[in-house]
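Visitor: So that we are looking at the same thing, I have put the structure below in structure tokens.
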Amino acid sequence: MAEGRASRLPASAPDRLWLRIEEEAAAHSPNWAAIRFAAMPDANEKDPLIRCLIRRGSALPAGRDPNVQFISPADAARALALAVETDATGIFNAAGDGAVPLRAALRAAGAARFPVPGMLLRPFRPDGEIEKFEHNWTVSSERAQGELGFTPKSSSREALAEFLRGRPGTHSELLAECFDDWGMDAAYIRSRSWLLDFLRKVYWRIEYEGMENIPPQGRAFFVSNHRGFIPIDAVMHLGAVWEATGRLMRFLIIPGLLQPPFHSTFFTKLGGVIASQRNAARLLESENLVGIFPEGIRGAFTEYRNAYHLRDFSTSAFVRMAIENQAPMIPAATVGHAEIFPIIGRINWSYLTKKLDWPFLPIAPPFPFLPFLPNPSKWHVRILRPIPVSGIKPSEAGNKKLVRELSRYVQHVIQQNIDDMVRRRRSVFFGKILDGTGPVSPPFTVAGAAHRT
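Quick note: the sequence shown uses our numbering, first residue 2, plus one each step.
Next up, the structure:
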């Protein structure tokens with residue numbers, strides 16, 4: 002999160018006091034600055050996270066393992082000094098680089114965790130406190146680096162290890178390994194590979210073609226159609242790509258998927274990242290393979306009668322991001338996933354849809370009667386040749402016509418292959434349809450000029 006992110010704290014949360022102080026400073030002083038620190042590992046700190054690390058045990062929300070950040074006292078002092086010495090004004094985040102999963106931090110501190118449903122904990126904790134232990138609240142310190150010249154000398158992991166070193170009952174050596182900034186956990190994925198393999202190879206018997214089109218390294222977008230209001234297809238693609246290439250794919254997801262307990266841990270540790278242009282850019286800068294569904298949440302909730310007719314890709318920003326970051330796009334056409342929960346109707350219940358961040362409550366047999374028993378349909382996935390953008394300059398990302406036409410070209414390529422696969426399919430539950438042949442798309446052209454694809 003950057004400094005401009007609006008607060009989602011309840012109005013009665015004690016931490017709201019700090020926001021009011023910032024507002025007062027801004028209203029009465031033209032030369033003010035506020036430093037928002039990550040948790041500071043110090044025995045005198047009253048931060049709820051630090052208290053949990055010092056205690057021998059704490060009751061914490063079940064099904065949650067968010068990333069947390071720390072800043073060493075020395076780095077905090079340096080950030081304050083730089084704020085005084087420079088003319089920069091406004092709000093600045095200050096945190097050590099990287100993050101640490103909450104459970105890893107507790108294990109290193111020798112602190113026991115007693116999982117309790119969050120709804121049972123809330124009445125006994127101040128407003129806003131339980132949420133700190135439910136979601137990733139990691140921040141970006143880029144503004145402090147650019148305007149204050151602040152670069153932390155200790156990472157979050159190092160700041161916590163230094164605090165724990167020498168304290169009785171702690172295990173700072175457990176912090177020797179690095180952790181993923183986004184929360185992906187390869188060990189977690191390996192421990193559940195049996196489940197992913199069962200679903201992919203036995204339950205849905207997914208037939209893949211074109212896996213050789215996945216580049217062995219380097220940044221790229223994996224662009225696919227998406228059906229089903231839970232991104233099980235993203236998880237299946239993740240397992241297949243990992244098995245075939247050894248690459249762990251990240252995929253962009255909506256915030257609503259991280260609201261329910263256990264969901265948040267599952268999707269985060271499997272590589273889910275909140276969908277935003279900034280997050281996508283950071284992932285591509287780190288040379289990741291990033292999965293994206295351009296149809297978004299509305300596409301996932303397409304009713305079954307239109308299940309294999311794609312929504313307009315041009316409303317998504319993925320092509321502009323691909324051009325800006327010079328990331329090739331790998332189209333993938335999937336057939337069969339729309340049948341696991343075929344949406345045959347809808348209930349517009351505003352309370353629940355707002356709570357779930359869904360456009361409506363679907364009627365999709367067997368959901369909601371047997372929500373954890375999707376239909377065992379047969380899936381077919383055709384991964385197509387990458388569409389490079391190396392022939393397009395990054396500066397052309399602002400060319401709306403180019404971006405719109407290329408978006409629709411990618412949509413056309415995927416739609417062509419979906420139509421071909423649906424025509425070949427004789428049964429929703431059985432049969433193979435992929436034989437290495439498929440429709441050939443013409444090269445991408447816009448404004449009379451051909452772009453290499």
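Note that the Cβ used here is the ideal one computed from N, Cα and C, for glycine as well.
This one's a predicted model, so the numbers in the text were calculated from it and none came from an experiment.
Of all the options Ser-59, Ala-160 and Lys-202, which has the alpha carbon lying nearest to the alpha carbon of Phe-125?
Guide: Counting from 1 along the sequence shown, the entry for residue 125 is found at position 124. Closest by alpha carbon: Ser-59.
Visitor: Tell me which same chain residues have a C-beta within less than 6 angstroms of the C-beta of Gly-437, skipping the five on either side of it?
Guide: Mapped onto the sequence shown, residue 437 falls at position 436. So the list is empty, once near-sequence residues are dropped.
Visitor: At the level of alpha carbons, what is the spacing between Gln-417 and Ala-333?
Guide: Numbered from 1 along the sequence shown, position 416 holds the residue referred to as residue 417. Numbered from 1 along the sequence shown, position 332 holds the residue referred to as residue 333. Using only the alpha carbons, I get a separation of about 11 angstroms.
Visitor: Once you ignore the five residues that flank Asp-16 on each side, which residues in its own chain have a CB closer than 7 angstroms to its CB?
Guide: Along the sequence shown, read from residue 1 onward, the residue named residue 16 stands at position 15. For Asp-16, where only same-chain residues beyond five positions count, the Cβ hits under 7 angstroms are Leu-10 and Gly-129.
Visitor: Just verifying my parser: in three-state terms, what is the DSSP assignment at Val-101?
Guide: Counting from 1 along the sequence shown, the entry for residue 101 is found at position 100. Of the three classes helix, strand and coil, the one that applies to Val-101 here is strand, per DSSP.
Visitor: Whose C-alpha, out of Ile-92, Tyr-352, Glu-208 and Gln-327, is nearest the C-alpha of Arg-426?
Guide: Residue mapping note: residue 426 aligns to position 425 of the sequence shown, counting from 1. Taking only the C-alpha atoms, the option nearest Arg-426 is Glu-208.
Visitor: Locate the alpha helix (DSSP H) running through Ser-157, then write down its first and last residues.
Guide: Numbered from its first residue, the sequence shown carries residue 157 at position 156. Note, Ser-157: alpha helix (DSSP H), 157-165.
Visitor: Is it buried or exposed for Thr-152, if we count other Cβ within 10 angstroms and need 16 for buried?
Guide: On the sequence shown, position 151 is the one that residue 152 refers to. Looking at its Cβ environment, which holds fewer than 16 other Cβ atoms inside 10 Å, Thr-152 is exposed.
Visitor: Going along the chain, which unbroken runs of the beta strand (DSSP E) with 3 or more residues stay wholly within the stretch 344-389?
Guide: Qualifying beta strand (DSSP E) stretches, in chain order: 346-348, 362-364 and 381-384.
Visitor: Taking 7 angstroms as the cut-off, decide whether the C-beta atoms of Ala-100 and Ser-156 are in contact.
Guide: Locating residue 100 in the sequence shown gives position 99, where the first residue counts as 1. Locating residue 156 in the sequence shown gives position 155, where the first residue counts as 1. Contact: no.
Visitor: What does the alpha-carbon distance come out to for the pair Val-140 and Ser-73?
Guide: If you number the sequence shown from 1, residue 140 lands on position 139. If you number the sequence shown from 1, residue 73 lands on position 72. Cα-Cα distance, rounded: 15 angstroms.
Visitor: Once DSSP output is grouped into helix, strand and coil, what is the label at Ala-318?
Guide: One-based indexing of the sequence shown puts residue 318 at position 317. Looking at Ala-318 - three-state DSSP - the assignment turns out to be coil, as it is neither helix nor strand.
Visitor: Leaving aside the five residues before and after Arg-386 along the sequence, list all residues of the same chain whose C-beta is less than 7 angstroms from its C-beta, in chain order.
Guide: As a working note, residue 386 is residue 385 in the sequence shown. Closer than 7 angstroms at Cβ, skipping near neighbours: Asn-214.
Visitor: Grouping DSSP H, G and I as helix and E and B as strand, with all else coil, what is Leu-253?
Guide: Sequence index remark: in the sequence shown, residue 253 carries index 252 (1-based). Three-state DSSP puts Leu-253 in a strand.
Visitor: Can the beta-carbon of Pro-116 be found closer than 7 angstroms to that of Ala-39?
Guide: Looking up residue 116 in the sequence shown gives position 115. Looking up residue 39 in the sequence shown gives position 38. For Pro-116 and Ala-39, no; Cβs fall outside 7 angstroms.
Visitor: With Asn-94 as the anchor, note down where its beta strand (DSSP E) starts and where it stops.
Guide: Locating residue 94 in the sequence shown gives position 93, where the first residue counts as 1. Its beta strand (DSSP E) spans residues 91-95.
Visitor: Using C-beta distances below 7 angstroms, list every residue in its chain close to His-264, excluding the 5 sequence neighbours before and after it, in chain order.
Guide: Start at 1 with the first residue of the sequence shown, and residue 264 comes out as number 263. Result list for His-264: Leu-258, in chain order.
Visitor: Applying the 10 Å Cβ sphere with the 16-neighbour rule, what's the burial state of Ala-110?
Guide: Within the sequence shown, numbered from 1, the residue matching residue 110 stands at position 109. Buried, because 16 or more other Cβ atoms sit within 10 Å of the Cβ of Ala-110.
Visitor: By DSSP, does Asn-68 sit in helix, in strand, or in coil?
Guide: On the sequence shown, position 67 is the one that residue 68 refers to. Correct three-state label for Asn-68: strand.
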